Amino acid sequence: MNTPSAAAAPQPFSSSASQPAPASQPAPASHRLSRFADPAYRVTFWRSFLSSWYKITHTGSIRWVTVCGVVVTVLFAAIITFSFATLDEMGAILSPSKLQITTSYVALVGMMGLAMLFFLAFGALSVTNEYSVGTMRITALADASRIREFLGRGLAIWLYALVVGIVVLLATLLCLALFGVGFSTSGPMLSVYLLYAPVLACSSLLAMGVGYALRSSAGAIVLTVAVMLLGDLVRLIPVKFVQEQLVQFMPHAAFPAALTPEETRHIVMDATDQYLPQWAGFLVFLAWTIGACAIGFAKYRKSDV
């Protein structure tokens, strides 16, 4: 009779099973905190400029101000051109070349005060609009370099204003050609054509600097207009040096001087007033623009947005 076999003794665990699984090796350290640190997403001056350009060209308020400014300025230029073309007295007094110079100058520079208001407005709105909707903090966080963001926005608004100024210039010249008066191609007027858009673009930069300083659309626009009219207040000071010399360096005097060659000063300027030469007027107005931008950047760099 066969006896039942003894129960099989339990087998000990294998050595491989008794040892703990090796810990997973940590991933190699990466210097990139996120995928946005990849060079493909790196913030550069070109990308900062493109970002500012996109925001400027896609902001509704800037679009409306630009369209209204172009339409109103060109409309007034067309009215002036038509008036000069239909006045027989002008043709009797002035030679054809002098009539062309006078009409071209008045159509362009005569409306520069009105055009300047629109350029100041969208220059300030290019900055203050972001403060109004609360996206300036996001812009500052996206670009750690404040000076790069400031310069990128400045280049964008200057080029935008330059393009708008060129459009106004070409539209005004077209009005001069359509109404039969024609536009002057003499040396003095060529300098006006060359500097017209850059000077207006500098006024937008001046407003941008004030916008960074005040962070308010209404405040920036009002203050820039007040700065441009500062010379009228300075002229009231009863000091001969101030009234005859210092007032020439005020923005309201440097701005028209930059667009007024010597041969056309008798058209719109009072003979009793003193004005800087054309090149000096442009440099003085450029200095005012740089000063306003410097103040705006100093405020922007130290603020917590």
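Once you know that position 264 of the sequence shown is 264 in UniProt numbering, the rest is easy, because the numbers rise by one and skip nothing.
Just so it is clear, CB atoms sit at the ideal spot from N, CA and C, and this is done for glycine as well.
This one's a predicted model, so the numbers in the text were calculated from it and none came from an experiment.
Item: C-beta contact flag for valine 164 and alanine 85 at 9 Å; Value: no
Item: The region 122-129 contacting the region 206-226, beta-carbon criterion three pairs below 8 Å; Value: yes
Item: Cβ pair methionine 228, leucine 120 closer than 9 Å; Value: yes
Item: Start-to-end residues for the alpha helix (DSSP H) that takes in methionine 116; Value: 112-133
Item: Separation of alanine 207 from arginine 215, as counted between CA atoms; Value: 11 Å
Item: Beta carbon of alanine 156 nearer than 9 Å to that of alanine 197; Value: no
Item: Three-way DSSP call (helix, strand, coil) for proline 251 in this model; Value: helix
Item: Delimiting residues of the alpha helix (DSSP H) encompassing tyrosine 300; Value: 278-302
Item: Cβ shell of residue 306 (< 7 Å), same chain only, five flanking positions each side left out; Value: This structure leaves residue 306 out entirely; the chain is present only between 1 and 305.
Item: Straight-line gap, alanine 271 to threonine 264 (C-alpha atoms, nearest Å); Value: With a pLDDT of only 48 at alanine 271, under the threshold of 50, the placement of this residue in the model should not be trusted; the figure read from the coordinates follows. Approximately 12 Å between the Cα atoms of the pair.
Item: Proximity below 9 Å, CB of valine 225 to CB of leucine 108; Value: no
Item: Of the listed residues Val284, Thr44, Leu178, nearest to alanine 144 (C-alpha basis); Value: Thr44
Item: The region 45-60 / the region 138-154 touching (three or more Cβ pairs under 8 Å); Value: yes
Item: Serine 97 vs serine 184 beta-carbon contact at 9 Å; Value: yes
Item: Near the ligand PLP: arginine 47 beta-carbon under 8 Å from a heavy atom; Value: In the structure on display, the ligand PLP does not appear, and there are no ligands present to speak of.
Item: Opening and closing residue of the alpha helix (DSSP H) in which phenylalanine 232 lies; Value: Sequence check: residue 232 is aspartate here, not phenylalanine. 230-234 is the span of the alpha helix (DSSP H), which, as asked, contains aspartate 232.
Item: Simplified DSSP state of valine 239, which is helix, strand or coil; Value: coil
Item: Residue interval of the alpha helix (DSSP H) (run including tyrosine 41); Value: Where tyrosine 41 is concerned, there is no enclosing alpha helix (DSSP H), given that its DSSP letter is neither H nor E.
Item: Span separating the alpha-carbon of aspartate 42 from that of isoleucine 295; Value: Here the sequence assigns arginine to residue 42, which means aspartate is not the residue at that position. About 29 Å.
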